[in-house]
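First the structure, in the form of structure tokens, and then the observations on it.
Here you go:
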């Protein structure tokens, strides 16, 4: 029985005839910044969905610090301390920034309410660089600012494992630097983070270890530089000629 | 419990004032206007209780007649056996129980199917009650003899309506209310934030069903003779939907804007042109769909927002002119 | 045996009505809660044609079906297409069309109540007995059943053996893809809606030959049609026919063996069970 922060054992997800995740296993240690990478369609987001409970695995097990979470409904998994952001940012349009962030704090395992929750929300908004904009309607914010709100919301639940689904996608170079800095900052406080990413610079600079998926299977695992030099990985991304 | 904001205190104050004003009606008239007042107050209670659930979830429930009828029958069956306040409690419990069952069963069902399900359910309950009455009682109807006058019923309905509003107010300020707002924005985010979306909806539906059943119980003495076609009258469900949607369900007090004029109109139509009631109801549905998708209050809010942007643009233009 | 055959005969007309609704919901994506009113209107027109002009209902179909087709086309074009155009997603279209067709239901019912009053009506047509397997049944029921079978067969032929019909089926499966293969989805939806109305009207006209009807019974038939459509799987013709058989037989069973006062309760009960345990129906695809 491993006490890794998150352990995935032989996870499978089948949609009718399509096997999106095929017998994938890996472990994420406490406080690690873990990358989940692979070409488009490799099943990375599906894997993340299995962990967060958005989808139920058709096989295999997922454990959070030894406790089984696969098969539980998403809200149960959230209450055990798993928080996530989404590939296409999902902010709550009719709530302001502060209320968006409070959402994470009120129903997570901390169950804060009232003034306590508001203070935490404001502190987190400061932290992600949105200080002073607590009452701004999120629908009026720029894309990167909405992403920041989503990150703050995820952090508000004080998660044991934070799942970032292509959080750095769609950012221009300067926004990207800011974003990488933010994630670094969050990692520094000891949080366990699993990042699905396409932006290779980010993976190289942020992640300790990573797993590469292709067509639903795990094709490599290990330190970032060794994984990215692996000929199988290169072949998966660029095709046979460049391996 | 956080402190009440200025706006909230003002709303409470206004509400209290309106309740006091409304309570004065029996002093002014004990005939026609009081009767109309009872109708208005009944539908105010029903529509607000309906909106408690159907507003945030956007599920159109036609189960109102089922809850109402069960409340009426609770009183009808128990009036000679148990004291009246206990019957009200039983009505609330029965309404909540049915709502709990229906809620638990229908949360996988969305949109059209939910509407049809609740309509079918109301009809099923009516058929079953009719059948049990014919089989196990000597007559289909029940007699209800009480000392309650129109004044009593009016004041009880007023108290109920006030209670429904108070409950709605408290729910809005609570975790449940916050959860419903989040669910209304994005149910996936809600679930990933730790909200048990199914349970939240069921609880709301149970509260709503309980209040509707109490309304049925309160008005039972008015009928003197209760029978399934009138206690479980499907028109109750349809009228509640129309009035609530006409008023607008974004705010809890939205339906009131629909209740008052529509009850008056329906009273006039059923008195003067009784064969035209269906047509009026049909036209009301068309009005909702084509003209007032968010109800009258929705349109008013749109107007306010439009005026605000006009005024802001006016400011900008004025400033630019000076520059 | 008697029950079985009576149930089967009844299910013929039910099947037609359900086929009408399944076309409207499956292809045009409109849950037409006013469907029953088309049925009732057809009953009245058939009655009128027979009593005033001595045109028998079977011939009357030649007038009623096209009439219902045009009327439903008009309803779709005027009342429902604007909703389709403005709906941002399927959920909104559904709730809009529920409200709009409720409006239709009450409006049509109100007009019929005004025009014809609330009393029950019936007329005698082919009411001589007809023997099947030693029991006698009304000839009108048998003829109605036969006519229903012929019409359903024609529909099947249309849907599965003609180009236009295949286009209709394509739109039912996936309107977006149908658009991409040069099918005029809007026109096909309108056509399907109108055709659905015509089918329901045929069912109504045939029903009126042996069933006592009145202006307010539309809702009950809409419910029955809905049950059949949902039970059989939306948009599926075989499902509608099979489910109609099940409903027709179980209704007759309950009426004869348990209690005629419980048929409606049994019907609704069956409906609720279907919605709970297999909302996609017998032949339906599970929707997201």
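Residue numbers (my numbering), protein chains in the order written: chain A, 137 to 379; chain B, 9 to 331; chain C, -15 to 272.
All C-beta atoms in this analysis are idealised placements derived from N, C-alpha and C, irrespective of residue type, glycine included.
A quick note: this is a predicted structure, and the numbers were derived from the prediction, not measured.
One Cα belongs to residue 81/B, the other to residue 87/B, and the distance between them is close to 10 Å.
In chain order, 178 place their CB closer than 8 Å to the CB of residue 54/C, counting only its own chain and leaving out the 5 sequence neighbours on each side.
Taking the beta carbon of residue 80/C as reference, the chain B residues within 7 Å of it are 297, listed in sequence order. Here DSSP, grouped into helix, strand and coil, assigns residue 301/A to strand.
Contact fails between the region 198 to 215 of chain C and the region 35 to 48 of chain C, because fewer than three Cβ pairs, one in each stretch, are under 8 Å apart.
Counting only unbroken stretches of 4 or more residues, the alpha helix (DSSP H) elements lying wholly within the region 304 to 376 of chain A are 309 to 324, 336 to 342, 360 to 365, 367 to 374, in sequence order. Looking at the DSSP output, residue 149/A shares a beta bridge with 157/A. Note: residue 162/A is bridge-paired with 144/A in the DSSP secondary-structure output.
A distance below 8 Å between beta-carbons, with the five flanking residues on each side excluded, links residue 215/A to the following residues of its chain, in chain order: 243, 244, 245. Counting of Cβ neighbours within 10 angstroms places residue 222/B among the buried residues, the total reaching 16 or more.
Listed in chain order, the alpha helix (DSSP H) elements of length 4 or more contained wholly in the region 92 to 130 of chain C amount to none. Taking residue 102/B as reference, the option from 217/B, 239/B, 282/B with the minimal CA-CA separation is 217/B. Taking the Cα positions, residue 1/C is about 11 Å away from residue 8/C.
When secondary structure is reduced to three states using DSSP, residue 268/B falls in the helix class.
In this structure, the alpha-carbon of residue 70/C lies about 42 Å from that of residue 259/A. For residue 172/A, the CB contacts under 8 Å within the same chain, skipping 5 residues up- and downstream, are 180, 183, 184, 330, 331, 332, 333, 346, 347, 349 in chain order.
The straight-line gap separating the alpha-carbon atoms of residue 122/B and residue 242/B is approximately 16 Å.
A residue is called buried when at least 16 other Cβ atoms come within 10 angstroms of its Cβ; residue 36/B does not meet this threshold and is exposed. Going by C-alpha positions, residue 204/C is about 13 Å away from residue 22/C. Residue 361/A counts as exposed, since fewer than 16 other C-beta atoms from the protein chains shown sit within 10 angstroms of its C-beta. Chain A places a beta carbon closer than 7 Å to that of residue 202/B, counting this residue as a contact.
Contact check for residue 99/C against residue 286/B fails: the beta carbons are separated by 7 Å or more. The closest CA to that of residue 113/B, considering only 271/B, 207/B, 234/B, is found on 207/B.
The C-beta distance from residue 254/B to residue 270/B rounds to 6 Å, short enough to meet the 8 Å contact threshold. At a cut-off of 7 Å between beta-carbon atoms, residue 158/B makes no contact with chain C.
Looking at the backbone, the Cα of residue 323/A and that of residue 343/A are separated by about 10 Å.
For residue 11/C, the closest C-alpha among the options 143/C, 255/C, 247/C, 194/C is that of 143/C.
Under DSSP, the beta-bridge partners assigned to residue 198/A are 144/A. The beta-carbon of residue 193/B is placed less than 7 Å from the nearest beta-carbon of chain A. Residue contact check for residue 219/C against chain B: no CB pair falls below 7 Å. The beta carbon of residue 201/B lies closer than 8 Å to those of 190 in the same chain, with the five residues before and after it left out. Nearest to residue 69/B by C-alpha distance, out of 107/B, 40/B, 77/B, is 107/B. For residue 228/B, the closest of 157/B, 320/B, 24/B, 45/B by C-alpha to C-alpha distance is 157/B. Assigned with DSSP and collapsed to three states, residue 222/A falls in coil, not helix or strand. Counting only Cβ-Cβ distances below 9 Å, residue 75/C has contacts in chain B at 66, 118, 119, in chain order.
In this structure, 288/A is the residue among 358/A, 288/A, 150/A with its C-alpha nearest to the C-alpha of residue 234/A.
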